[in-house]
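J.:
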Amino acid sequence: MSDRMRIILLLAPAMLVIVVLFFGGLAVGLMRSFNYMPVIGLTQPNLDAYVAVFTSREFYYSFLLTFHISFTSTLISCVLAIGAALLLRRSFLGKSVLNFLFQLNLTVPHLVGAIGILYLFSQSGSFARLGYQWGLIAKPADFPALVFDPYAIGIILQYVWKEIPFIGVIVLANMQSIGTDYESVARSLGASRWQSFRHVLLPLIFPGVLSASVMVFAFTFGAYEIPAILGQNYPAALPVLAYRKYTDVDLAARPEAMAMAIVIAILSALLIWVYIRTSRRSIRG
Amino acid sequence: MHRDPLALRSFRVLTGAILIVWLVLPLVPLAIWSFARGWRFPDLLPREWSLKAWTYALSDTSGVLGSLGLTIFISVGATALSILVGVPAGRALGLYKFRGKQVVELMILAPVIVPGIAVALGIHSVFISLGLTNTVAGVMLVHLVPTLPYMVLVMAGIFANYDPAFEQQARSLGASPLQTLWHVTLPAILPGIIVGGLFAFLVSWSQYILTLLIGGGRVVTLPLLLFNFASSGRNDITGAIGMIYILPGILILLLTAKHLSGQNGAVGGFGKP
């Protein structure tokens, strides 16, 4: 058997799954978003669903909210994860505990984290109780709204909780493979602690940070259960809105849901493009 | 080498401590709620403790154990399918250079970045006509979309450091293809299959929206049950189910801690966003 034939046979099952389920799912979603479904007699594709979506105020609110959630969570997680990785690469009291908790956190599903954040930060949650005990608030309603709130603070807190370890582990692996030699050289040449971090270490770990950020941004943009637990009703995050439209009793809303799914897919395709461009550049060095 | 200034060292210990507390914090109220008998504002701790939530969760009537069994069945099934389909693909990508390899890699990795909901709505439309919606088989199949990329990724890494010459030697010494697979290939790639398999299991285990959509709410896995109890305000039972739900992840972590911790951060534990 030739190598060519062997490669094709080895790849065939996986490609079948990916092409049929993943790309098939995308293609059908795209067709339905254009109201094109020959099976049920819809043979004239049109842009009705997109017109409906792009002329609705709710969609723009949802899109902006979701973008805000993804951008803010990714940014905060990145900064804190780099800090955590800097901490974890040297020995200090409690390092092994922190290391274990990083790994543990990676295995905990987002849904559990979301419920935990709800019990911590809701107006009758643990922090509100603490505020009452310390005489800061008199009743639950005095506690600031941190969940079901317009700024999606609860959602962002959950993502930060979950993504610090995810980005941190990647950045730490990056730092460990780079070693400390470059920074030592910079320091011996008179660079300050901050300068050697900013001009030596940060550029070296940047590709790793960026690829982790792309994954986090895409995930947070398309996640359903976290905004469904912690988010306000209106405007809802885009995936929540898409799911609502899809399960609407009015079947005519389904193409609109598909159009929103396509918007999410296009945004993640853009992110993949950024990812490839930067990873190529980093290989060239 | 001189020691860092005291202020810097104390700053490190302090931030380390804050980080440790923050990482555990969201799990604490869940654990407490599962043993609480009513826990009203403004009590910092429940006035009365009880095992009621646990007794209920572990009883036959609550459906938690049935849901646990179903979730294990779906995740094990999705993992087995991922191994079956993903190991050959990993071999092709790890061992060979070929034209269009980058495109194939990109296609297989795309589901890691493209969110499930973007493809799940379309898959649902197709599964309706195939009679796969609202079925366990349909849910298991759709879980392959997020699990397979991780499996292929891990196996491609394993096969990149694998020497297929051993297989040829075994064959030239008279071993059948099956014997070669069983006695030569499999032992060499087993660590990868275990890590990739556990990874795939955890990815399937944490799926929510794919299960909800394709299962149509009829295939009630543990996360769906957890969500239902959380949104109906049964905090004590939510706490108990939450604890049960995170148990496999902790067990897997303890079992693999030796292999994953330490310098080998490159494996990254079970990192998924």
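Note that the protein sequences, when read in sequence, are chains A and B.
Okay, so the first sequence: first residue is 1 according to the numbering used here, each after it adds one.
Okay, so the second sequence: first residue is 286 according to the numbering used here, each after it adds one.
Ideal placement from N, C-alpha and C gives every residue a C-beta, glycine not left out.
Since T432 of chain B contacts V488 of chain B with CB under 8 Å, what's their CB separation in whole angstroms?
T.: As a position in the second sequence, residue 432 of chain B is number 147, starting the count at 1. As a position in the second sequence, residue 488 of chain B is number 203, starting the count at 1. Contact holds; Cβ gap of about 5 Å.
J.: What residues are listed by DSSP as bridge partners for W334 of chain B?
T.: Counting from 1 along the second sequence, the entry for residue 334 of chain B is found at position 49. For W334 of chain B, which the question treats as bridged, DSSP gives the partners B:A321.
J.: Taking the DSSP output, what are the residues bridged to L42 of chain A?
T.: The residue labelled residue 42 of chain A in the question sits at position 42 within the first sequence. L42 of chain A is bridged to A:M37.
J.: Please compile the residues from chain A whose C-beta is within a distance smaller than 8 Å of the C-beta of A374 of chain B.
T.: Start at 1 with the first residue of the second sequence, and residue 374 of chain B comes out as number 89. Correct list: L10, L11, P13, A14, M15.
J.: Would you kindly report the start and end of the unbroken alpha helix (DSSP H) that includes T496 of chain B?
T.: In the second sequence, the residue the question calls residue 496 of chain B occupies position 211. T496 of chain B -> alpha helix (DSSP H) spans 494 to 500.
J.: Please return the same chain residues whose Cβ sits closer than 6 Å to the Cβ of L540 of chain B, not counting the five positions on each side in sequence.
T.: Counted from its first residue, the second sequence places residue 540 of chain B at position 255. Within the same chain, L540 of chain B has no close Cβ partners at all.
J.: Under the three-state reduction of DSSP, which class applies to I7 of chain A: helix, strand or coil?
T.: Position 7 of the first sequence, counted from the start, is the residue given in the question as residue 7 of chain A. The answer is helix: DSSP assigns I7 of chain A an H, G or I state.
J.: Counting only the same chain and skipping the five closest in sequence on each side, list residues whose C-beta sits under 8 Å from that of G547 of chain B.
T.: Counting from 1 along the second sequence, the entry for residue 547 of chain B is found at position 262. For G547 of chain B, the predicted structure reports a pLDDT of 44, less than 50, and the residue's modelled location is therefore unreliable. The matter cannot be settled from this model.
J.: Please classify L536 of chain B as buried or exposed, where buried requires at least 16 other C-beta atoms within 10 Å of its C-beta.
T.: Here the question's residue 536 of chain B lines up with position 251 in the second sequence. L536 of chain B comes out exposed.
J.: Tell me the rounded alpha-carbon separation between F127 of chain A and Y243 of chain A.
T.: On the first sequence, position 127 is the one that residue 127 of chain A refers to. On the first sequence, position 243 is the one that residue 243 of chain A refers to. Going from the Cα of F127 of chain A to the Cα of Y243 of chain A covers about 32 Å.
J.: Within a Cβ cutoff of 6 Å, which residues of the same chain sit near R401 of chain B, ignoring the five residues on either side of it in sequence?
T.: For this step, residue 401 of chain B is matched to residue 116 along the second sequence. A quick correction: the sequence has Gly, not Arg, at residue 401 of chain B. The residues are I494, L495.
J.: With distances taken between CB atoms, is the gap from A27 of chain A to M258 of chain A smaller than 8 Å?
T.: Residue numbering aside, residue 27 of chain A sits at position 27 when the first sequence is read from its first letter. Residue numbering aside, residue 258 of chain A sits at position 258 when the first sequence is read from its first letter. For A27 of chain A and M258 of chain A, no; Cβs fall outside 8 Å.
J.: So, for G375 of chain B: in the same chain, excluding its five sequence neighbours on each side, which residues have a beta-carbon less than 6 Å away from its beta-carbon?
T.: What you label residue 375 of chain B is simply residue 90 of the second sequence in a count that begins at 1. Cβ neighbours of G375 of chain B beyond the five flanking positions: V437, M440, A441, F444.
J.: Since I526 of chain B and V424 of chain B are thought to touch, with beta carbons under 8 Å apart, how far apart are those beta carbons, to the nearest angstrom?
T.: Along the second sequence, read from residue 1 onward, the residue named residue 526 of chain B stands at position 241. Along the second sequence, read from residue 1 onward, the residue named residue 424 of chain B stands at position 139. Their Cβ separation, rounded to whole angstroms, is 19 Å, which puts I526 of chain B and V424 of chain B out of contact at 8 Å.
J.: Which residues in chain B have a C-beta closer than 9 Å to the C-beta of L111 of chain A? List them in chain order.
T.: Walking along the first sequence from the start, residue 111 of chain A turns up at place 111. Ordered by position in chain B, the residues that pass the 9 Å Cβ test against L111 of chain A are S491, Y493, P508, L511, F512, A515, G527, Y530.
J.: Given that a residue counts as buried once 16 or more other Cβ atoms are within 10 Å of its Cβ, and exposed if not, what is H110 of chain A?
T.: Reading the first sequence from its first residue, position 110 is the one you call residue 110 of chain A. Flag for H110 of chain A reads buried.
J.: Using the C-alpha atoms, what's the distance from V171 of chain A back to P144 of chain A?
T.: The count along the first sequence starts at 1 and reaches residue 144 of chain A at position 144. The count along the first sequence starts at 1 and reaches residue 171 of chain A at position 171. Roughly 34 Å separates the two Cα atoms.
J.: To the nearest angstrom, report how far apart I359 of chain B and R129 of chain A are at their CA atoms.
T.: Here residue 359 of chain B is taken as the residue at index 74 of the second sequence, counted from 1. Here residue 129 of chain A is taken as the residue at index 129 of the first sequence, counted from 1. So the alpha carbons of these two residues sit roughly 40 Å apart.
J.: Whose Cβ in chain B lies nearer than 9 Å to the Cβ of S124 of chain A?
T.: Taking the first residue of the first sequence as position 1, residue 124 of chain A is located at position 124. Chain B residues near S124 of chain A: R325, F326, P327.
J.: Going by C-alpha distance, which of B:L343, B:V370, B:V399, B:G354 is nearest V504 of chain B?
T.: The count along the second sequence starts at 1 and reaches residue 504 of chain B at position 219. Of the candidates B:L343, B:V370, B:V399, B:G354, the one whose C-alpha sits nearest the C-alpha of V504 of chain B is B:G354.
J.: Quick one: measure Cβ to Cβ for P311 of chain B and L86 of chain A, integer angstroms, because I've assumed they're closer than 8 Å.
T.: Here residue 311 of chain B is taken as the residue at index 26 of the second sequence, counted from 1. Here residue 86 of chain A is taken as the residue at index 86 of the first sequence, counted from 1. With 8 Å as the limit, P311 of chain B and L86 of chain A do not qualify as a contact, their Cβ atoms being about 24 Å apart.
J.: Can you give the beta carbon distance from L241 of chain A to M260 of chain A, rounded, assuming they're within the 8 Å contact cut?
T.: Stepping through the first sequence from its first residue, residue 241 of chain A is reached at position 241. Stepping through the first sequence from its first residue, residue 260 of chain A is reached at position 260. Contact flag correct, Cβ pair sits at about 6 Å.
J.: Suppose contacts are defined by Cβ-Cβ distances below 8 Å. Is V370 of chain B in contact with V17 of chain A by that definition?
T.: Position 85 of the second sequence, counting from 1, holds the residue named residue 370 of chain B. Position 17 of the first sequence, counting from 1, holds the residue named residue 17 of chain A. Taking 8 Å as the Cβ cut-off, V370 of chain B and V17 of chain A qualify as a contacting pair.
J.: Just verifying my parser: in three-state terms, what is the DSSP assignment at K139 of chain A?
T.: Here residue 139 of chain A is taken as the residue at index 139 of the first sequence, counted from 1. In the structure shown, K139 of chain A sits in coil (DSSP, three-state: anything other than H, G, I, E or B).
J.: Going by CA-CA distance only, name the one from B:D448, B:H428, B:F383, B:R519 that's closest to G362 of chain B.
T.: In the second sequence, residue 362 of chain B corresponds to position 77, counting from 1. Answer by Cα proximity: B:H428.
J.: Consider the Cβ of T576 of chain B: report whether some Cβ of chain A lies at a distance smaller than 8 Å.
T.: The structure shown does not extend to residue 576 of chain B, since chain B spans only 286 to 558, so no value can be given for it.
J.: Which of the residues in the stretch 295 to 318 of chain B, read from start to end, lie with their CB under 8 Å from any CB of chain A?
T.: Within the stretch 295 to 318 of chain B, the qualifying residues are R297, V298, T300, G301, A302, L304, I305, W307, L308, V309, L310, P311, L312, V313, P314, L315, W318.
J.: Along chain B, in chain order, which residues have C-beta atoms closer than 7 Å to that of D3 of chain A?
T.: Counting from 1 along the first sequence, the entry for residue 3 of chain A is found at position 3. Within 7 Å Cβ-Cβ: Y381.
J.: Does K382 of chain B come out as helix, strand or coil in the three-state DSSP assignment?
T.: Translated into positions along the second sequence, residue 382 of chain B becomes position 97. K382 of chain B: coil per DSSP, three-state reduction.
J.: Can you list, in chain order, the residues of its chain with a C-beta nearer than 6 Å to that of S461 of chain B? Leave out the 5 residues immediately preceding and following it.
T.: Translated into positions along the second sequence, residue 461 of chain B becomes position 176. So the list is empty, once near-sequence residues are dropped.
J.: What residue range does the alpha helix (DSSP H) around Q454 of chain B cover?
T.: In the second sequence, the residue the question calls residue 454 of chain B occupies position 169. Q454 of chain B -> alpha helix (DSSP H) spans 450 to 457.
J.: When DSSP labels each residue in this structure, what does P462 of chain B get in the three-state scheme?
T.: As a position in the second sequence, residue 462 of chain B is number 177, starting the count at 1. Helix at P462 of chain B.
J.: For a test of the three-state rule: what should DSSP assign to A342 of chain B, helix, strand or coil?
T.: Mapped onto the second sequence, residue 342 of chain B falls at position 57. Here A342 of chain B sits in helix by DSSP.
J.: Out of B:L391, B:I357, B:L406, state which residue places its alpha-carbon closest to the alpha-carbon of Y246 of chain A.
T.: Taking the first sequence and counting its residues from 1, one reaches residue 246 of chain A at position 246. Comparing Cα-Cα distances from Y246 of chain A to each of B:L391, B:I357, B:L406, the minimum goes to B:L406.
J.: So with CB distances below 7 Å, who are the chain B contacts of N105 of chain A?
T.: In the first sequence, residue 105 of chain A corresponds to position 105, counting from 1. Here the neighbours are L308.
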